[in-house]
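Trainee:
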Amino acid sequence: MRPILAITMGDPAGIGPEIVVRALSHKETYEQCRPIVTGDAAVMKEAVKLLGFDFKVNPVSDVKDALFEYGTIDVYDLGCIDMSTFKFGEVQPQCGNAAFVSIRKAIDLAMAGEVDGTVTAPLNKEALNLAGHHFDGHTEIYATFTGTKKYAMMLADENIRVIHVSTHVPLRKACDLVKKARVIEVTELISDACRQFGIESPRIGIAGLNPHSSENGMFGDEEALEIIPAIEELRSRGFNVDGPVPPDSIFAKAKCGKYDGCVAMYHDQGHIPLKVCAFNWDKETGKMQSAKGVNITLGLPIIRVSVDHGTAFDVAGKGIASEDAMMLSIDYATRMAKYRLGIKE
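What follows is the structure, given as structure tokens:
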């Protein structure tokens, strides 16, 4: 009754392999799911050695050969790294390619029904493009190779769950993309996602675009022309939505539990508040202590959950990276997989 999850190793020059190993060092991970890493067995052995765990790495070329036993890390071995030239903390084309093929394998396994969901460790966009794979990131790779046209990014940490009307576009263009149809589309997606997390009747807060949600037209007309009509239609269809909520207060309300999900109008409107809550910095060292946020791509035919932090080349190979976000990602993916499989807790 435990879902099978494919976990990508991410860019091997970053912290991906070590946070995967750390997450698999917790017995509860194996109690909730059956994990298999897609990537390079030699890289994962190096990560195990780096962290000093007494674990075995089990290279396989078929999911059915995985053991799914605590103390053994099953790796769908793609043999994608030349360890004689590999270095931690450096942008390398071979590492960008390794991250890409790890993702492709996870997608292929999920599309074929051999795994029930996927979890991704961070990649480096520069290395990815140097390797000849010209994508903006994970989301675009998943959309391309699953044939998905309508999708959206959702970030989550504790009570804050936020989806975006637009993401990786210039801010000037982002304002033009605030349209009734898109607001409705992403609200539908986050409402469905909340139900997959076990929230039967999700309450969704929809942010305004302008300061004070335009103050009845004083600071812009996007609320009146696009956002309010979307909210009215959603309400008529039975969605429990509130808004347009002023952008400077919606996330404080969500943090306190007023909303199960939030709709942000553009990238930074949603990312900044979540990362303020989810990322914890050490004031003395000036370095990240932990990062708990997760990134979920909604609208795909398969499950994809990711850590919401980068490769952290500055600490890669030092064995100090936190697995908090990877643990949370595995938890979200497990819950979504159980929902889709009809497995009750």
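Add 107 to the 1-based position in the sequence shown for my numbering, that's all there is to it.
Don't be surprised by glycine CBs; every beta carbon is placed ideally from N, CA and C.
Roughly how many whole angstroms lie between the Cα atoms of Val352 and Pro200?
Mentor: Using only the alpha carbons, I get a separation of about 44 Å.
Trainee: Determine the burial state of Val414: buried for a count of at least 16 other Cβ atoms within 10 Å of its Cβ, exposed for fewer.
Mentor: Result: buried.
Trainee: Which word fits Val285, buried or exposed, when buried means at least 16 other C-beta atoms lie within 10 angstroms of its C-beta?
Mentor: The residue in question, Val285, is buried, as its Cβ has 16 or more Cβ neighbours within 10 Å.
Trainee: Using only CA atoms, which one of Glu138, Leu174, Ile338 lies nearest to Met108?
Mentor: Taking only the C-alpha atoms, the option nearest Met108 is Glu138.
Trainee: Quick one: using the 10 Å Cβ neighbour count with 16 as the cut-off for buried, is Lys280 buried or exposed?
Mentor: Result: exposed.
Trainee: Within the same chain, show all residues whose beta-carbon is closer than 6 Å to that of Leu405, passing over the 5 residues directly before and after it, in chain order.
Mentor: So the list reads Ala259, Met261, Leu296, Ala300, once near-sequence residues are dropped.
Trainee: By Cβ distance below 8 Å, which residues in the same chain neighbour Val155 in space, the five residues on each side in sequence not counted?
Mentor: Excluding positions up to five away in sequence, the list reads Val128, Phe162, Val164, Ile180.
Trainee: Pair every Cβ in the segment 406-425 with every Cβ in the segment 118-127, then say whether three or more of these pairs are closer than 8 Å.
Mentor: Touching, yes, given that three or more Cβ pairs across the two stretches are closer than 8 Å.
Trainee: Roughly how many angstroms separate the alpha carbons of Val293 and Met190, rounded to a whole number?
Mentor: When rounded, the distance between both Cα atoms is 43 Å.
Trainee: Taking C-alpha atoms, which residue in Phe175, Leu131, Ser168, Gly178 lies nearest to Lys212?
Mentor: Comparing Cα positions, the closest option is Ser168.
Trainee: Leaving out five residues before and five after Pro318 in sequence, what residues of the same chain have Cβ atoms less than 6 Å from its Cβ?
Mentor: Within the same chain, Pro318 has close Cβ partners Phe326.
Trainee: For His275 versus Asp243, is the C-beta distance shorter than 8 Å?
Mentor: Yes, these two residues count as a Cβ contact at 8 Å.
Trainee: For Lys171 and Val412, I'd like the C-alpha separation in whole angstroms.
Mentor: Cα-Cα distance, rounded: 23 Å.
Trainee: Can you tell me the Cα-Cα spacing of Ala371 and Val226, whole angstroms?
Mentor: Spanning the two alpha carbons is a distance of roughly 24 Å.
Trainee: Compute the beta-carbon to beta-carbon distance between Gly203 and Ala238, rounded to the nearest angstrom, for a pair I have assumed lies under 8 Å.
Mentor: Their Cβ separation, rounded to whole angstroms, is 4 Å, which keeps Gly203 and Ala238 in contact under 8 Å.
Trainee: In the DSSP assignment, find the unbroken beta strand (DSSP E) run with Arg310 in it and report its ends.
Mentor: Where Arg310 is concerned, the enclosing beta strand (DSSP E) stretches over 310-314.
Trainee: Might you give, ordered along the chain, the residues of its own chain that have their beta carbon closer than 7 Å to the beta carbon of Glu333, omitting 5 neighbours on each side?
Mentor: Hits under 7 Å: Val285, Lys286, Lys287, Val290.
Trainee: Would you mind stating whether Ile188 and Val150 have Cβ atoms separated by less than 8 Å?
Mentor: Yes, the pair counts as a contact, with Cβ atoms nearer than the cut-off.
Trainee: Considering only the alpha carbon of each residue, which of Asp328, Pro309, Ala359 lies closest to Leu341?
Mentor: Leu341 has its Cα closest to that of Pro309, out of Asp328, Pro309, Ala359.
Trainee: So, are the CB atoms of Ala113 and Leu230 less than 8 Å apart?
Mentor: No, Cβ-Cβ distance for Ala113 and Leu230 is not below 8 Å.
Trainee: What would DSSP say about Ser429, mapped onto helix, strand or coil?
Mentor: Correct three-state label for Ser429: coil.
Trainee: By the three-class DSSP mapping on this structure, what secondary structure does Cys202 have?
Mentor: DSSP places Cys202 in helix when its eight states are reduced to three.
Trainee: Enumerate in chain order the residues of its own chain whose CB-to-CB distance from Leu381 is below 7 Å, with the five nearest sequence positions on each side excluded.
Mentor: Closer than 7 Å at the Cβ level, and outside the excluded window around Leu381, lie Leu262, Asp264, Ile267, Val269, Gly400.
Trainee: From what residue to what residue does the beta strand (DSSP E) around His271 run?
Mentor: First-last of the beta strand (DSSP E) with His271: 267-271.
Trainee: Judging by CA-CA distance, which residue of Phe207, Ser436, Ile410, Ala173 is the nearest neighbour of Thr255?
Mentor: Residue Ile410 is the option with its Cα nearest to Thr255.
Trainee: Give me the residue from His240, Gln303, Lys152 with the minimum Cα distance to Pro124.
Mentor: The shortest C-alpha separation from Pro124 is found at Lys152.
Trainee: How many Å lie between Pro110 and Arg302 at the Cα?
Mentor: Going from the Cα of Pro110 to the Cα of Arg302 covers about 18 Å.
Trainee: Have a look at Glu322 and Phe193 and give me their C-alpha separation to the nearest angstrom.
Mentor: Rounded to the nearest angstrom, the two C-alpha atoms are 56 Å apart.
Trainee: Could you check the C-alpha separation between Phe252 and Gly324 for me, to the nearest Å?
Mentor: Phe252 and Gly324: Cα-Cα distance of roughly 42 Å.
Trainee: Could you tell me whether the Cβ atoms of Lys446 and Ile403 are closer together than 8 Å?
Mentor: In the sequence on display, residue 446 carries Tyr and not Lys. No, Cβ-Cβ distance for Tyr446 and Ile403 is not below 8 Å.
Trainee: I need the straight-line Cα distance from Gly146 to Ala228, nearest angstrom please.
Mentor: Gly146 and Ala228: Cα-Cα distance of roughly 11 Å.
Trainee: Tell me Ser413's beta-bridge partners as DSSP assigns them.
Mentor: BP columns for Ser413 point to Thr227, Asn402.
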